[in-house]
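Here the structure comes first, spelled out in structure tokens, and everything after it is commentary.
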Amino acid sequence: MPITIRNTYGTPHHVSESNPAHVTSCDAYRLPLVGYLLPDVTPGYDDLVQLLREDGHDTRPKGYGVVFLESEEFSATYFGSVEQIEQYQRDNIDGPAPLDASQGVMYAQWPRGEAWDSFLPTVFWNAAKRGAAADGVGLVTAFAHNAMPGAEVVVYEFEGRWLPDSEPKQLVTYHCTACHQDTFHDTGHVHENTGPTSRRWAARQARQHIIGATRHGIGAKNSPCRPNNGEMLRAVNAVARDMWATTTNALPDTDDAYCATKGPCSIIRELRAGVRPPLYRS
Numbered sequence: 006m007p008i009t010i011r012n013t014y015g016t017p018h019h020v021s022e023s024n025p026a027h028v029t030s031c032d033a034y035r036l037p038l039v040g041y042l043l044p045d046v047t048p049g050y051d052d053l054v055q056l057l058r059e060d061g062h063d064t065r066p067k068g069y070g071v072v073f074l075e076s077e078e079f080s081a082t083y084f085g086s087v088e089q090i091e092q093y094q095r096d097n098i099d100g101p102a103p104l105d106a107s108q109g110v111m112y113a114q115w116p117r118g119e120a121w122d123s124f125l126p127t128v129f130w131n132a133a134k135r136g137a138a139a140d141g142v143g144l145v146t147a148f149a150h151n152a153m154p155g156a157e158v159v160v161y162e163f164e165g166r167w168l169p170d171s172e173p174k175q176l177v178t179y180h181c182t183a184c185h186q187d188t189f190h191d192t193g194h195v196h197e198n199t200g201p202t203s204r205r206w207a208a209r210q211a212r213q214h215i216i217g218a219t220r221h222g223i224g225a226k227n228s229p230c231r232p233n234n235g236e237m238l239r240a241v242n243a244v245a246r247d248m249w250a251t252t253t254n255a256l257p258d259t260d261d262a263y264c265a266t267k268g269p270c271s272i273i274r275e276l277r278a279g280v281r282p283p284l285y286r287s
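When the sequence shown is numbered by my numbering, its final residue is 287 and no position is left out of the sequence of numbers.
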């Protein structure tokens, strides 16, 4: 039986018929970045156009205008003529202008490789001018939880430290408001936020979390969605009461209350209010 994953906000995406975690395309993109590849001018030009040469599309001796497109879960790269992209930029001065992709070549995702890594700046999903808290800090997308009405799995950009004495990093991960697991404790679910590939991977893991909960239920052995129901918090509070000879709890004794004050839900609350949250795990 196919599993449908519903956005609670953001752009709807198309997925593989056999795997709803694998996004294959999107109907709408934003265009956050434009560049030019010019022979004898752009460093690493030969490496940058190698992709086109391999496919027989290196047909513009004067060079290329390149538009990098991104949605919440997918990205694409358009190669057109320098003249077309210069005109496109002029048309965009007074507002968004359509891009005629039929004049050039479109590739899924942004190119990767040593030359491209040097050519492309780091581009975050959230930018202050679009109402986010700040560049690289904000909500990316969210999905309705299939197995718990009202719950969401939220993908977000944030700042955090891997270790208390390490340098702050721009990071991206997801959080499920049904189980309140803190993915920061499992670095396989937290990624350095270096571009569309990082955000795509985090969103894919969010989809996989929903798929697992839909198939196995919440709390089941094989489900990724397993609430702790405050078990660890109660154990910590019991130890703290014995150590300090008090009758009060040092921490909230439910996962949702703890998460709302000290965990990912506290970050998401700040992001939804348009406020830059404190550095996580500082």
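Think of the CB as a built atom: it goes at the ideal place given N, C-alpha and C, for glycine as much as any other residue.
Could you tell me which whole beta strand (DSSP E) segments of length 3 or greater appear in the segment 35 to 97? Within the segment 35 to 97, the complete beta strand (DSSP E) runs of at least 3 residues are 35 to 42, 69 to 75 and 80 to 85.
Using CA atoms only, rank isn't needed, just tell me which of L176, Q89 and R209 is closest to V28. Numbered from its first residue, the sequence shown carries residue 28 at position 23. Comparing Cα positions, the closest option is R209.
Going straight from the alpha carbon of V54 to that of P169, what length do you get? Residue mapping note: residue 54 aligns to position 49 of the sequence shown, counting from 1. Residue mapping note: residue 169 aligns to position 164 of the sequence shown, counting from 1. Using only the alpha carbons, I get a separation of about 42 Å.
Are the CB atoms of S287 and R117 within a distance shorter than 8 Å? Taking the first residue of the sequence shown as position 1, residue 117 is located at position 112. Taking the first residue of the sequence shown as position 1, residue 287 is located at position 282. One thing to note: R117 has its Cβ no nearer than 8 Å to the Cβ of S287.
Assigned exposure category for V290 - 16 Cβ within 10 Å defines buried: What is shown of the chain runs 6 to 287, which leaves residue 290 out entirely.
In the DSSP output, which residue or residues are listed as bridge partners for Q175? Taking the sequence shown and counting its residues from 1, the one referred to as residue 175 is at position 170. Answer by DSSP bridge pairing, in chain order: E164.
Is it true that the CB of E162 sits closer than 8 Å to the CB of W130? By 1-based counting over the sequence shown, the position of residue 130 is 125. By 1-based counting over the sequence shown, the position of residue 162 is 157. A contact, by the Cβ cut-off of 8 Å.
What number of angstroms, rounded off, separates the C-alpha of P7 from the C-alpha of A106? Here residue 7 is taken as the residue at index 2 of the sequence shown, counted from 1. Here residue 106 is taken as the residue at index 101 of the sequence shown, counted from 1. About 33 Å.
Identify the continuous alpha helix (DSSP H) that holds N287 and give its terminal residues. If you number the sequence shown from 1, residue 287 lands on position 282. For the record, residue 287 in the displayed sequence is Ser; it is not Asn. Careful: S287 lies outside any alpha helix (DSSP H) and carries neither H nor E.
If you reduce the DSSP assignment to three classes, tell me which class F148 lands in. Residue mapping note: residue 148 aligns to position 143 of the sequence shown, counting from 1. Residue state, collapsed to three classes: strand.
Is L104 closer than 8 Å to Y83 when the C-beta atoms are compared? Sequence index remark: in the sequence shown, residue 83 carries index 78 (1-based). Sequence index remark: in the sequence shown, residue 104 carries index 99 (1-based). Yes.
Would you check if the distance between the CB atom of L36 and the CB atom of V72 is smaller than 8 Å? Position 31 of the sequence shown, counted from the first residue, corresponds to residue 36. Position 67 of the sequence shown, counted from the first residue, corresponds to residue 72. Yes, they are a contact pair.
Below 8 Å on the Cβ atoms is my guess for I98 versus V39; work out the distance and round it to an integer in Å. To locate residue 98, count along the sequence shown from 1; it is residue 93. To locate residue 39, count along the sequence shown from 1; it is residue 34. Not really, about 13 Å apart at Cβ, beyond 8 Å.
Going straight from the alpha carbon of E88 to that of F124, what length do you get? Taking the sequence shown and counting its residues from 1, the one referred to as residue 88 is at position 83. Taking the sequence shown and counting its residues from 1, the one referred to as residue 124 is at position 119. The alpha-carbon atoms of E88 and F124 are separated by roughly 20 Å.
Using only the alpha-carbon positions, how far apart do V280 and D45 sit? The residue labelled residue 280 in the question sits at position 275 within the sequence shown. The residue labelled residue 45 in the question sits at position 40 within the sequence shown. For the pair V280 and D45, the Cα-to-Cα distance works out to about 45 Å.
Based on Cα-Cα distance, which residue from A262, A33 and V20 lies nearest to Q186? Looking up residue 186 in the sequence shown gives position 181. Out of A262, A33 and V20, A262 has the C-alpha closest to the C-alpha of Q186.
Separation of T16 from T64, as counted between CA atoms: Within the sequence shown, the letter at position 59 stands for residue 64. Within the sequence shown, the letter at position 11 stands for residue 16. Looking at the two C-alpha atoms, the distance is approximately 34 Å.
Relative to the C-alpha of A26, which candidate in A218, Q213, H18 and L176 has its C-alpha closest? Numbered from 1 along the sequence shown, position 21 holds the residue referred to as residue 26. The residue with the shortest Cα to Cα distance from A26 is Q213.
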